[in-house]
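In terms of this note's numbering, the sequence shown opens at residue 59 and continues consecutively.
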Amino acid sequence: MTQSSKTAAGTSEAPADTFVPEDGALYFVPLGGSGEIGMNLNLYGHRGKWLMVDLGISFADDTMPGLDVIMPDPTFIAERRDDLVGLVLTHAHEDHLGAVQYLWPELRCPVYCTPFTAAFLRAKLHEKGLSSTVPIHEIPLGGTVEAGPFSVEYVTMTHSIPEPNALAIRTSAGTILHTGDWKLDPDPLVGETADEERLRAIGDEGVLALVGDSTNALVPGAAGSEATVRAALMELFGRYRDRRIAVSCFATNVARLESIAAAAAAHDRHVALVGRSLWRINEAARATGYLTDVPKFLSEHDASYLPREKLVLICTGSQGEPRSALARIAANDHPQITLSRGDVVIFSSREIPGNERAIGRMQNQLVAQGVELVTADEAPVHVSGHPARDELVRMYQWVRPRIAVPVHGEQRHQQAHAALAEDCQVAHSIVPANGEVLRLDGPEGARVVATVRAGRMAVDGKRLVPLDTGMMRARNRMVNNGAAVVTLVMTGTGELMTAPQLAVMGLIDEATDRDLLLDVVDAVRESVAMLPKSARADDAQVKEAARIAVRRCFNATHGKKPVTEVHLVRV
């Protein structure tokens with residue numbers, strides 16, 4: 059029977075600090091990636107030990123000023139790191155491994171991954187000075203990891219990056235199939251097709267629960283093949299024979315890089331990579347046996363010497379990231395690459411929810427320069443890396459789990475996935491939320507037995523900070539309402555020695571709104587003067603009176619209540 063975690067928690071839930079797992083039971087705890095797309099962090103608990111699957115990031119949006127990267131809060135498992143037997147990575151996408159470089163010092167566990175993922179991770183760790191610190195164990199495709207009470211088999215899948223894996227996690231309480239990100243592509247161009255034979259065999263052994271990708275659970279049919287994209291690029295490059303062509307795609311899509319290179323070669327063009335993350339992926343791919351038949355890519359410096367009709371640019375920035383290569387090109391801010399009227403930009407990617415505004419802004423800048431845009435709405439230049447409904451049905455037919463646990467999606471995706479699993483005759487399904495502890499039982503299905511901390515962390519400059527603090531709330535208030543600083547100089551008995559000094563940021567133009575500033579200063583002076591003499595000798599009461607006066611004035615004139623700081627000096 060399909061159920062959300064809210065209704066599944068029929069038994070009393072234990073708070074995090076009192077939750078004690080039963081020795082023989084099997085638990086699943088998502089700390090990130092359930093109810094959202096990105097920031098995947100999943101835990102499996104059994105016989106007093108924990109296994110972590112993936113440790114990813116997401117990117118901040120306009121509601122998080124000053125921040126770029128956000129990630130799950132690992133406090134729950136960091137407090138139990140002595141019982142954490144390992145971190146198993148399913149593949150090399152940022153939303154599955156991007157937080158390792160930030161959070162591994164809190165965990166200090168061995169890391170297991172296949173060769174391409176290991177090469178990519180090492181490059182990221184090198185930037186943080188951790189390349190010789192983090193113990194990375196390379197597992198061959200189809201290999202097995204023995205970690206505490208868990209035996210983990212890597213099962214080859216297809217996705218939009220080399221070496222994606224499902225995980226068959228075997229315990230004495232049953233087997234879990236953790237699908238990771240996947241699709242069924244009969245012609246992926248790079249890497250192997252999904253190992254249907256192995257998935258069927260695992261299903262024949264008996265699977266307690268399938269913990270699976272829900273991203274495209276609302277999409278009918280199948281995701282489509284990378285071969286279709288290559289054919290479309292071939293046609294487009296021929297159509298725009300006399301123009302400079304730029305293609306923006308997800309940097310990790312090695313098959314897409316190969317497809318772009320093949321289409322360029324077919325039309326006598328060279329290919330340049332523009333953006334650091336593309337070069338990082340290129341190096342990891344070539345070091346692990348991919349892109350072997352692709353000529354070396356040109357640098358952006360070399361590209362500037364080629365005629366426009368002889369060049370294809372592959373650019374980072376498909377999601378409108380502010381400092382990405384394509385965003386800088388669109389803003390005429392790139393030091394070496396420019397686009398001109400008549401040039402073409404192909405967006406060989408999809409819009410990740412939340413990035414629509416940034417992408418639209420960048421595309422409008424390009425159009426203003428006379429650049430022609432081609433997106434997946436105009437041509438089949440992108441296919442998803444996640445399973446649509448027909449593919450999900452096939453997976454359930456092969457694996458036949460007793461429990462379905464939809465993850466990696468927003469609530470609407472998870473609920474649609476759970477309903478589909480029910481249609482596929484799965485006996486039990488449960489839609490988890492981050493921080494809920496699910497006990498996975500064969501006869502009883504699954505139920506929530508506790509909730510644990512599942513907050514958010516963010517990279518703020520050079521620091522890692524929690525998102526649910528007063529600091530971030532104050533920053534948002536300052537962005538939306540501005541800020542003001544009042545300085546008062548008073549005697550010990552509470553007499554003002556001089557007029558209050560007022561500085562306002564992000565609310566008015568001090569040069570043109572001088573009269574308003576004087577009115578606010580007068581309001582502060584009057585508020586302080588109206589205090590009883592005993593109150594004027596109390597610093598806290600004086601500061602509060604001044605603060606309220608500033609906020610009332612700006613609320614009356616601007617409808618804003620600025621974050622206000624009062625400095626009081628006694629002489």
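We put the beta carbon where it would ideally sit given N, CA and C, even for glycine.
Tell me whether the beta-carbon of residue i lies closer than 8 Å to the beta-carbon of residue j.
i      : j      : result
Val484 : Gln472 : no
Ala512 : Gly540 : no
Val87  : Gly106 : no
Ala252 : Thr214 : yes
Ala491 : Gly93  : yes
Glu316 : Val248 : yes
Val332 : Glu358 : yes
Val543 : Pro558 : no
His444 : Asn613 : no
Val439 : Glu284 : no
Asp239 : Asp271 : yes
Arg458 : Val265 : yes
Leu109 : Val169 : no
Val578 : Leu554 : no
Ala361 : Phe174 : no
Gln423 : Ala389 : yes
Would you verify that the beta carbon of residue i is, or is not, closer than 8 Å to some beta carbon of chain B?
i      : result
Ser190 : The structure shown has no chain B; it contains just one protein chain.
Give the secondary structure of residue i by DSSP, where H, G and I count as helix, E and B as strand, and everything else as coil.
i      : result
Trp240 : coil
Thr65  : Unreliable positioning characterises Thr65 in this predicted model, as indicated by a pLDDT of 37, which lies under 50. The coordinate reading is nonetheless provided below. Helix.
Gln559 : strand
Arg628 : strand
Lys591 : helix
Ile194 : strand
Lys107 : strand
His486 : strand
Glu71  : Low per-residue confidence applies at Glu71: pLDDT is 47, beneath 50, and the placement is therefore not dependable enough to give any value.
Thr216 : strand
Glu254 : helix
Val439 : coil
Val582 : helix
Phe174 : helix
Ile135 : helix
Leu356 : strand
Asp245 : coil
Ile461 : strand
Leu235 : strand
Leu364 : coil
Leu349 : coil
For residue i, write down the residues that DSSP places opposite it in a beta bridge.
i      : result
Ser116 : Ile128
Ser635 : Coverage of the chain is limited to positions 59 through 629, which leaves residue 635 absent and any answer about it impossible.
Thr630 : Because the chain in this structure spans residues 59 to 629, residue 630 falls outside the shown range and cannot be described.
Glu211 : Thr202, Ala226
Ser92  : Gly467
Tyr85  : Gly103, Arg497
Ser330 : Note that residue 330 is Ala in the sequence shown, not Ser. In DSSP, Ala330 forms a bridge with Leu356, Leu371.
Ile260 : Answer is none; Ile260 lacks a bridge partner.
Over the uninterrupted beta strand (DSSP E) stretch that includes residue i, give me the two end residues.
i      : result
Met548 : 541–548
Cys171 : 169–171
Val269 : 267–271
Leu430 : For the record, residue 430 in the displayed sequence is Glu; it is not Leu. Counting along the chain, the beta strand (DSSP E) containing Glu430 begins and ends at 430–432.
Ala516 : 514–518
Pro445 : Segment: none, Pro445 is in no beta strand (DSSP E) and carries neither H nor E.
Val146 : 142–146
Could you tell me the boundaries of the alpha helix (DSSP H) in which residue i lies?
i      : result
Val506 : First-last for Val506: 503–509, but that is the beta strand (DSSP E), not the alpha helix (DSSP H).
Gly400 : Premise fails: Gly400 is in no alpha helix (DSSP H) and is neither H nor E.
His616 : 597–616
Leu336 : 334–345
Val287 : 284–297
Leu525 : No alpha helix (DSSP H) contains Leu525, which DSSP labels as neither H nor E.
Val425 : 414–426
Leu188 : Taken as a continuous stretch (DSSP letters only), Leu188 belongs to no alpha helix (DSSP H), as it is neither H nor E.
Asp153 : 152–155
Val312 : 312–324
Ile566 : No alpha helix (DSSP H) holds Ile566; DSSP gives it neither H nor E.
Arg386 : 383–388
So is the beta-carbon of residue i under 7 Å away from any non-hydrogen atom of the ligand SAM?
i      : result
Lys107 : In the structure shown, the ligand SAM is absent, as is every other ligand, since no ligand is present at all.
(request) Determine contact between the region 340–359 and the region 282–296, defined as no fewer than three beta-carbon pairs at a distance below 8 Å. (result) no
(message) Below 8 Å, how does it come out for the region 157–172 and the region 186–196: are there three or more Cβ pairs, yes or no?
(response) yes
(request) Count the CB pairs spanning the region 293–302 and the region 457–467 that are closer than 8 Å, and state whether there are at least three. (result) no
(request) Decide yes or no for the touch test of the region 406–413 against the region 303–316: beta carbon pairs closer than 8 Å, at least 3 of them. (result) yes
(message) I'd like to know if the region 430–439 and the region 204–220 are in contact, where contact means that at least 3 CB-CB pairs between them fall below 8 Å.
(response) no
(request) Count the CB pairs spanning the region 594–603 and the region 523–538 that are closer than 8 Å, and state whether there are at least three. (result) no
(message) Whether or not the region 126–133 and the region 110–117 are in contact is what I'm after, with contact meaning three or more pairs of Cβ atoms, one per stretch, closer than 8 Å; do they touch?
(response) yes
(message) For the structure I just gave you, are there three or more beta carbon pairs, one from the region 420–428 and one from the region 256–264, closer than 8 Å?
(response) no
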